[in-house]
Structure formats: structure tokens, C-alpha cells
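The opening position of the sequence shown corresponds to residue -10 in my numbering, with each subsequent residue numbered one higher. Positions of the beta carbon are idealized from the N, C-alpha and C atoms, including for glycine. Here the structure is a predicted model, which means the values were calculated and not measured. Read the structure below first, then the notes.
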Amino acid sequence: MSIPVVTGGAGFIGSALVRALLAHGAPRVAVIDNLSSGKEANLAEVRGRVELHVADIRDYSRIAPLLQGAPVVYHLAAIPSVPRSISDPVPSHEANIDGTFHVLRACVDGRVGRVVYAASSSAYGDTEVLPKSESMAPRPRSPYALQKLTGEYYCAVFTSCYGLETVSLRFFNVFGPRQDPSSPYSGVLSIFMKRLLERRPPVIFGDGEQSRDFTYVEDVAELCLKAARAPAAVVSGNVYNAGNGRRYTLNETWRLLCRMEGVEIGPEYGPPRPGDVRHSQADTAAAVRDLGHAPRFSFEEGLRRTLDWYRSTL
Ligand code: UD2
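Right, here's the structure in full:
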């Protein structure tokens, strides 16, 4: 296959990446997705230029021929969510560790040019120092964090042992259009926006003073493309933060959203969530230096665009 492949390409981030690839000149893009959380509808207006393969990354013999000869494989397929990995660890272990292993193995066997892997900021856990830089020792606090970290290690080992070019990007709390707000495991901003538009209070877990480096999905998609193009001698086998470099507490984020919408709704508070990281903020220096990372969307601008999208779809 001589076109780029996106695993998880029918998901929220994957479908934004598919759009970015097409916008940057890819004639077609292949998507591998088992549609467990991804949806064909996420690809609606680009569907004619997408080869959608409904396949599971845990099935080596099914995915190997689909990855064969791809110039770049963007490996985003995963079962996300810290709390889901705690309450139900087996499926996320199998998708995030076993699935990633099978993707990498198939990429070596199929002589794929490069793998760009969606890693997670959760790998850092709670560090004493902010922002978090790639040289810090990881301290995963949940099965999900450990699984995503294992995927990074697998990428680096596949580079050193088998010569497969890999770049791992630690995504920092990505948000934007098409993030599904309907599950209790959904990303907090998708839940906040749904509640806001319904004029209902959100439930904040803990005191709301935890903070996140919320990163707009188009900036992450752009960085994936840069990771695919950067010189192998500089980037292959490495891990980079894919964040915005700032952080916002949940309390201030909810207040900001209320202000944007011109309403005043006080949040409700619940018990803190097990496995939760307290603060998260990316040091973007390495990604700027090696990949040319240049996020274009301020938090407010990203929120505005996302809110507009939910308003038109919910
Ligand atoms: C982690 C990773 C993120 C990504 C994601 C995938 C960190 C810092 N980030 O996101 O990079 O890999 O996992 O799932 O580890 N919350 C509420 N109310 C709600 C929902 C969430 O208060 O209704 C809180 C939650 O307790 C947490 C924050 O919002 O403190 C963000 O939660 P999330 O599930 O959106 O993402 P998080 O940080 O676990």
C-alpha cells in the first residue's frame, strides 16, 4: 500500500489526522479501525478519499497485508481513558499493548517507512517539576498510562533492534470537534461543553484545581505530519511532547466556558478520580527544535471552534 495508513482513523483524533493528510496533498488515506469507539460518520465529507478497513489491531494476520509497504503508519488506535483502564484493564491492555506490538511487527514485516505513535502525557504521572520534559523519569499512575508508555518503549526497541523508523508523540489532553461526549470516560472538555449547552452543571472530580495542557486537535494532527517528515537521523526512536505548553485548571476552564456562553452555572464536585494526575503541562522545546512544532490555536480559540461544532451538532 503506497498511501499513508491511520490506525484509529475513524476516531476523534484519527479523523482529524486523516483530514490533515488529505489537505496536505495525500491523494487517499487508508484507515484501519474496528469502530469500537470510532465512527464512519467522523469521516463523512472525506469518505470518498478514504479506504476504510474495519479491522482490529489485535489481529495480526488481518492487519499485516493492510500495512504492507505503507510510507507512514500513524498508530492512533487505542482504548483510551485512565478510569476505564482501572475498572476494566483487560481490553485496554490487549488493545494498547498487544495491539501496538502487532502493528509494529506488521510494520517491520511489511517494510513500512515510518511509524508515528500516539503516546500519552499520562506517562509522566505526578512530577515535582512543571512543565514536563521528555528527559524526566516516567511515573505511570494507571494501567492506561503504563500501557501507553509500554508502546513508546516498544517503538524505541523496534527502532534499535529492527531498524524501523518510529516517532512517539505524547499527546496532552487533546480536544476539538468530534470528541464524543456520551460516555462517562469521555474527555472532560467534551463533557463540559455538552453540559454547558444543556445548561446543566458539570461534575468536577476533586477540587477542580487540577490542571491540564489542553491541546487543540488540529495542532496535534499537524505535529503528526511533521513527525512523519522530520529527518530520521534526528528523530527516529525518540519521544516528543505534543502539547500546547500552557495549563488551565478545571475550575478556570469551566468559568471561561460559562463566560464565552454568557451564563453562570456553578459546577458540582465529586470525589477525586483514582489514577488522576494532578497537573499536566508540556515542555514543548524538543518538539519545536526537532519537529518544528508550532501550535496555532490558543486555548480560547480552540474552545470557541469546538463549542461552535457542538452547538451545530448536539
Ligand atoms: C489522560 C492523559 C491524556 C490522554 C487521555 C486519554 C493525563 C494528564 N492526560 O487524560 O493525555 O492520554 O488520558 O484518555 O494523564 N474530569 C472531571 N469531570 C468529568 C470528567 C473528567 O472533573 O466529567 C476530570 C478528571 O478527573 C481529570 C480531568 O478532568 O482530572 C481530565 O480528565 P480526562 O478524562 O479528560 O483526561 P485525563 O487527564 O485522564
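Inter-residue spacing [alpha-carbon to alpha-carbon] between residue i and residue j
i: A84; j: A66; result: 8 Å
i: E289; j: V20; result: 31 Å
i: C150; j: Y142; result: 12 Å
i: T155; j: K137; result: 15 Å
i: D208; j: A5; result: 10 Å
i: L178; j: R201; result: 11 Å
i: T116; j: R128; result: 8 Å
i: A275; j: V206; result: 20 Å
i: I2; j: E253; result: 31 Å
i: G152; j: A217; result: 16 Å
i: S(-9); j: L303; result: 37 Å
i: A9; j: G(-3); result: 15 Å
i: C96; j: C144; result: 11 Å
i: A12; j: G259; result: 42 Å
i: C247; j: K183; result: 12 Å
i: L135; j: D22; result: 23 Å
i: V223; j: T295; result: 34 Å
i: E257; j: S110; result: 27 Å
i: P170; j: R188; result: 15 Å
i: T148; j: N227; result: 9 Å
i: R278; j: S225; result: 14 Å
i: F306; j: N233; result: The structure shown does not extend to residue 306, since the chain is modelled only from -10 through 303, so no value can be given for it.
i: R51; j: S301; result: 37 Å
i: V92; j: V118; result: 34 Å
Residue j beta carbon less than 8 Å from that of residue i
i: G255; j: P190; result: yes
i: F164; j: A231; result: no
i: R130; j: G114; result: yes
i: V105; j: L158; result: yes
i: A107; j: H64; result: yes
i: S287; j: R236; result: no
i: A219; j: L280; result: yes
i: V61; j: L32; result: no
i: G27; j: G58; result: no
i: L55; j: V43; result: no
i: R94; j: Y49; result: yes
i: E40; j: R17; result: yes
i: D272; j: S122; result: yes
i: Y133; j: S81; result: yes
i: R47; j: D87; result: yes
Below-8 Å beta-carbon distance, residue i vs any chain B residue
i: T302; result: Note that chain B does not occur in the displayed structure, where there is just one protein chain.
*asked:* Check whether the stretch 252 to 266 and the stretch 67 to 80 touch, using three or more Cβ-Cβ pairs below 8 Å as the test.
replied: yes
_Taking contact to mean 3 or more Cβ pairs, one atom from each stretch, closer than 8 Å, check whether the stretch 193 to 202 and the stretch 233 to 248 are in contact._
yes
*What are the start and end residues of each continuous beta strand (DSSP E) run of 3 or more residues lying completely inside the stretch 30 to 79, in chain order?*
39 to 43 and 61 to 64
_Please give me, in chain order, every unbroken run of the alpha helix (DSSP H) with length at least 4 that falls completely inside the stretch 123 to 178._
132 to 151
*Along the chain, which unbroken stretches of the alpha helix (DSSP H) at least 4 residues long are found entirely within the stretch 185 to 238?*
206 to 218 and 221 to 224
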